[in-house]
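Colleague: Residue 196 in numbering that gives the first Met the number 0 sits at position 197 of the sequence shown, and the numbers go up by one each step. Backbone N, C-alpha and C fix where the C-beta goes; we use that ideal spot for every residue, glycine too.
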Amino acid sequence: MRALRAAGVCVSVAVPGNGSGGPGIGGVTSDSRQVRRGCLFVALRGTRMDGLKFAPEAVRRGAAAVVADRPMRGAELRRVVRIRVRDAGMAYGILASEFYGRPTERLRIHGVTGTNGKTTTTYLIRRLLMGAGIKTALLGTVNEEIPGRPPVPSALTTPDAVNMNRFFRQALDAGCEAGVCEVSSHALDQRRVWGIRFHTVVFTNLTQDHLDYHRTMEKYFEAKKKLFVEYEYEKAVVNIDDAYGRRLAALLERAGRPVVTFGRRRGATVRILSARSDLRGTRARLNAFGKDIPLRLSLIGDYNLSNAAAALSACGDPANVSTLARLLAGASAPPGRMERVDAGQAFVALVDYAHTPDALEKLLLACRRLNPRRLICLFGCGGDRDRTKRPKMARVVTRLADFAIVTSDNPRAENPMDIIRDIRPGFRGREGQTYVVEPDRRRAIALACRMARRGEIVAMAGKGHETYQIIGTTKFPFDDRKVARTAILETLRAAGC
């Protein structure tokens, strides 16, 4: 309660008619199903449901108090403490942080936001921190990782405030000194990271995605911007090759906030001067914090070089940047990011998470620079998500790939053929000549592997590290990497290899 009042979030407190304040707080949750006796229930507004509707259930399960940012009525609610706040999301973050002992005040938290590159950038930042002897936890799209413990697959890019604070409490108790996390636009808009104390915040880029939620690019940018204008931190890191990044950097500089910039543009604090990639990786020259330094990466593609520059910007300074650049030499990509599938075939098979027009373009450009004899791209678009990007994905593939196989991604509640119907207008040329449609993703991958010949590249885009496919509301086991390996081996056996 004191924390809410200190933050200026608390509006009023109402106690039961008998004057009892109820039992002590034994937990914080926004999910009425998880309420146990003594829990504090925070009624959040969701995109589909209003948490206040579930407050009576929370009381029946033993909630000690209910927190909401709107009137709390009903006989059942009058039995418990009712705390009215200005913003339930803010209150949830503050209460979660307090309940777990404000763990991020004792950890150096690096938060990374942007449309693309978040996962790889967080992995690279952790590589640098661990290489410098700083025990670092990782929280993001792929896994939750605390050194010395098995990785746990993530449910969300950015979990809610309770789960984040619980994770960072566990990291602190395990001896971690730092944490790295991805911060999604949804999380910022819904204030899931409110109460997290950041040391460094990073902006990778902003391109079309999530417009089913944000509606416009400007609103999408406003959500991302929150991390840099509403939170306290010691350093902001911004990509000035990106138009939105330049706007953000200018805004922060005018406000007197500490900013480190990166990119190819003149004036960047960490500037990429030259680069060359092949299947073994990337070699580049940078001017970082006033020093010319060589950089070798086992990662492929200009976008991964940008991710590396972001990591150097986040962790570096004039004294240590050369040492940090050497640490990046052995860094590997996260699962499902330009990940090779090699089962002895003569062509290159790559699995990548690219699921936006910009990410797909960067993936295919990276493949093009490897000079394949032919580039085959397999892709689809997620169901119940931004429909406007579907033909744009096809236009990117038409321009950069030699042949495309259009298939299902995670169709969710949509009919896969309806999604493909939205994709089709972006193609040039006739079906069967420049592209084919195979809605069954397993069959589509098998087709791509049968088609490919020596010196060609098959890029399987969209699902990357995912080990499932969402059809309707059910997650079915599906891993592009395993499916591709099986398809390659079957193709080799059929050919007598």
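From which residue to which residue does the beta strand (DSSP E) around valine 41 run?
Modeller: Reading the sequence shown from its first residue, position 42 is the one you call residue 41. Residues 38-41.
Colleague: By DSSP, does asparagine 142 sit in helix, in strand, or in coil?
Modeller: Residue numbering aside, residue 142 sits at position 143 when the sequence shown is read from its first letter. Asparagine 142 falls in the strand class under three-state DSSP.
Colleague: Would you call phenylalanine 475 buried or exposed, if buried means 16 or more other Cβ atoms sit within 10 Å of its Cβ?
Modeller: Translated into positions along the sequence shown, residue 475 becomes position 476. Result: exposed.
Colleague: Output the distance between the C-alpha atoms of arginine 480 and glutamate 181, rounded to the nearest integer angstrom.
Modeller: Taking the sequence shown and counting its residues from 1, the one referred to as residue 480 is at position 481. Taking the sequence shown and counting its residues from 1, the one referred to as residue 181 is at position 182. So the two alpha carbons sit approximately 24 angstroms from each other.
Colleague: At what residues does the beta strand (DSSP E) containing leucine 226 begin and finish?
Modeller: On the sequence shown, position 227 is the one that residue 226 refers to. From DSSP, leucine 226 is part of no beta strand (DSSP E) but of the alpha helix (DSSP H) over 216-228.
Colleague: Between valine 34 and arginine 69, is the Cβ-Cβ spacing less than 7 angstroms?
Modeller: The sequence position of residue 34 within the sequence shown is 35, counting from 1. The sequence position of residue 69 within the sequence shown is 70, counting from 1. The answer is no: Cβ separation not under 7 angstroms.
Colleague: For glycine 110 versus phenylalanine 197, is the C-beta spacing smaller than 7 angstroms?
Modeller: If you number the sequence shown from 1, residue 110 lands on position 111. If you number the sequence shown from 1, residue 197 lands on position 198. Cβ distance < 7 angstroms, so glycine 110 and phenylalanine 197 count as in contact.
Colleague: Taking the alpha carbon of valine 8 as the reference point, which residue from Trp193, Ala403, His209 and Arg77 has its own alpha carbon closest?
Modeller: As a working mapping, residue 8 is identified with position 9 in the sequence shown. Comparing Cα-Cα distances from valine 8 to each of Trp193, Ala403, His209 and Arg77, the minimum goes to Trp193.
Colleague: Using the Cα positions of alanine 170 and proline 146, report the straight-line distance between them to the nearest angstrom.
Modeller: Counting from one through the sequence shown, the residue named residue 170 turns up at place 171. Counting from one through the sequence shown, the residue named residue 146 turns up at place 147. When rounded, the distance between both Cα atoms is 8 angstroms.
Colleague: Relative to the C-alpha of aspartate 291, which candidate in Pro334, Arg78, Thr322 and Ala403 has its C-alpha closest?
Modeller: Taking the first residue of the sequence shown as position 1, residue 291 is located at position 292. Comparing Cα-Cα distances from aspartate 291 to each of Pro334, Arg78, Thr322 and Ala403, the minimum goes to Thr322.
Colleague: Does the count of Cβ pairs from the segment 323-333 and the segment 292-301 closer than 8 angstroms reach three?
Modeller: In short, these stretches touch, since the Cβ pair count reaches three.
Colleague: Are the beta-carbon atoms belonging to alanine 345 and isoleucine 404 less than 7 angstroms from one another?
Modeller: By 1-based counting over the sequence shown, the position of residue 345 is 346. By 1-based counting over the sequence shown, the position of residue 404 is 405. It is not a contact, given that the beta carbons lie outside the stated cut-off.
Colleague: Is it true that the segment 422-430 meets the segment 384-392, where meeting means three or more beta-carbon pairs spaced less than 8 angstroms apart?
Modeller: Yes: the two stretches touch, three or more of their Cβ pairs being nearer than 8 angstroms.
Colleague: Determine which residues share a DSSP beta bridge with proline 152 and list them.
Modeller: Stepping through the sequence shown from its first residue, residue 152 is reached at position 153. Asn142, per the DSSP bridge assignment.
Colleague: In terms of residues, what are the limits of the beta strand (DSSP E) holding alanine 57?
Modeller: Reading the sequence shown from its first residue, position 58 is the one you call residue 57. Premise fails: alanine 57 lies in the alpha helix (DSSP H), 54-59, not in any beta strand (DSSP E).
Colleague: Which term fits glutamate 430, buried or exposed, when burial requires 16 or more other beta carbons within 10 angstroms of its beta carbon?
Modeller: Within the sequence shown, the letter at position 431 stands for residue 430. Classification of glutamate 430: exposed, given that the 10 Å Cβ count is below 16.
Colleague: Which residues share a DSSP beta bridge with histidine 109?
Modeller: Taking the first residue of the sequence shown as position 1, residue 109 is located at position 110. According to DSSP, which records beta bridges pairwise, histidine 109 is partnered with Val179 and Thr199.
Colleague: Is leucine 205 helix, strand or coil by DSSP?
Modeller: Start at 1 with the first residue of the sequence shown, and residue 205 comes out as number 206. If DSSP states are grouped into helix, strand and coil, leucine 205 belongs with coil.
Colleague: Measuring alpha carbon to alpha carbon, tell me which of Asp417, Gln432 and Glu455 ends up nearest proline 438.
Modeller: Sequence index remark: in the sequence shown, residue 438 carries index 439 (1-based). Out of Asp417, Gln432 and Glu455, Asp417 has the C-alpha closest to the C-alpha of proline 438.
Colleague: Under three-state DSSP, which class holds cysteine 380?
Modeller: Counting from 1 along the sequence shown, the entry for residue 380 is found at position 381. Three-state result, cysteine 380: coil.
Colleague: Mind the definition here: the segment 127-143 touches the segment 213-224 only if three or more C-beta pairs lie below 8 angstroms; say whether that holds.
Modeller: At 8 angstroms Cβ cutoff, the stretches do not touch.
Colleague: Tell me, please, which residues DSSP counts as bridged to aspartate 351.
Modeller: As a position in the sequence shown, residue 351 is number 352, starting the count at 1. For aspartate 351, which the question treats as bridged, DSSP gives the partners Ala460.
Colleague: Three or more C-beta pairs under 8 angstroms: does that hold for the segment 261-281 against the segment 299-307?
Modeller: In short, these stretches touch, since the Cβ pair count reaches three.
Colleague: In chain order, what residues of the same chain lie with their CB nearer than 7 angstroms to the CB of tyrosine 99, ignoring the 5 residues before and after it?
Modeller: Locating residue 99 in the sequence shown gives position 100, where the first residue counts as 1. Counting only Cβ-Cβ distances below 7 angstroms, and skipping sequence neighbours, we find Asn164, Arg165 and Arg168.
Colleague: For aspartate 241 and leucine 155, what's the separation of their Cα atoms in angstroms?
Modeller: As a working mapping, residue 241 is identified with position 242 in the sequence shown. As a working mapping, residue 155 is identified with position 156 in the sequence shown. About 26 angstroms.
Colleague: Give me the Cα-Cα distance between glycine 132 and alanine 287, rounded to the nearest whole angstrom.
Modeller: Residue numbering aside, residue 132 sits at position 133 when the sequence shown is read from its first letter. Residue numbering aside, residue 287 sits at position 288 when the sequence shown is read from its first letter. Answer to the nearest angstrom: the Cα atoms are 22 angstroms apart.
Colleague: In chain order, which continuous runs of the alpha helix (DSSP H) of length 4 or greater are located wholly inside the segment 45-106?
Modeller: Whole alpha helix (DSSP H) segments, 4+ residues: 54-59 and 87-98.
Colleague: Just curious, the beta strand (DSSP E) that valine 237 is in, first and last residue?
Modeller: By one-based count along the sequence shown, residue 237 stands at place 238. Residues 234-238.
Colleague: Give the secondary structure of arginine 284 by DSSP, where H, G and I count as helix, E and B as strand, and everything else as coil.
Modeller: The count along the sequence shown starts at 1 and reaches residue 284 at position 285. Strand, per DSSP.
Colleague: Which residue wins for smallest C-alpha separation from leucine 488, given the options Ser183, Phe261, Gly343 and Pro257?
Modeller: Here the question's residue 488 lines up with position 489 in the sequence shown. Comparing Cα positions, the closest option is Gly343.
Colleague: Classify alanine 274 as helix, strand or coil using the three-state DSSP reduction.
Modeller: Counting from 1 along the sequence shown, the entry for residue 274 is found at position 275. Strand at alanine 274.
Colleague: Given a threshold of 16 other Cβ atoms within 10 Å of its Cβ, counted over all protein chains shown, does valine 161 qualify as buried or as exposed?
Modeller: Within the sequence shown, numbered from 1, the residue matching residue 161 stands at position 162. When all chains shown are included, valine 161 counts as buried.
Colleague: Where do the N-terminal and C-terminal ends of the beta strand (DSSP E) with valine 340 fall, by residue?
Modeller: The count along the sequence shown starts at 1 and reaches residue 340 at position 341. Element bounds for valine 340: 338-340.
Colleague: Between the alpha carbons of proline 410 and threonine 473, how many angstroms are there, rounded?
Modeller: As a first step, residue 410 is located in the sequence shown; it is residue number 411 there, counting from the start. As a first step, residue 473 is located in the sequence shown; it is residue number 474 there, counting from the start. In a straight line, the C-alpha of proline 410 is about 11 angstroms away from that of threonine 473.
Colleague: Bridge partners of isoleucine 292, per DSSP?
Modeller: For the purposes of this step, residue 292 is identified with residue 293 of the sequence shown, where counting begins at 1. In the DSSP output, where bridge partners are listed per residue, isoleucine 292 has Leu285.
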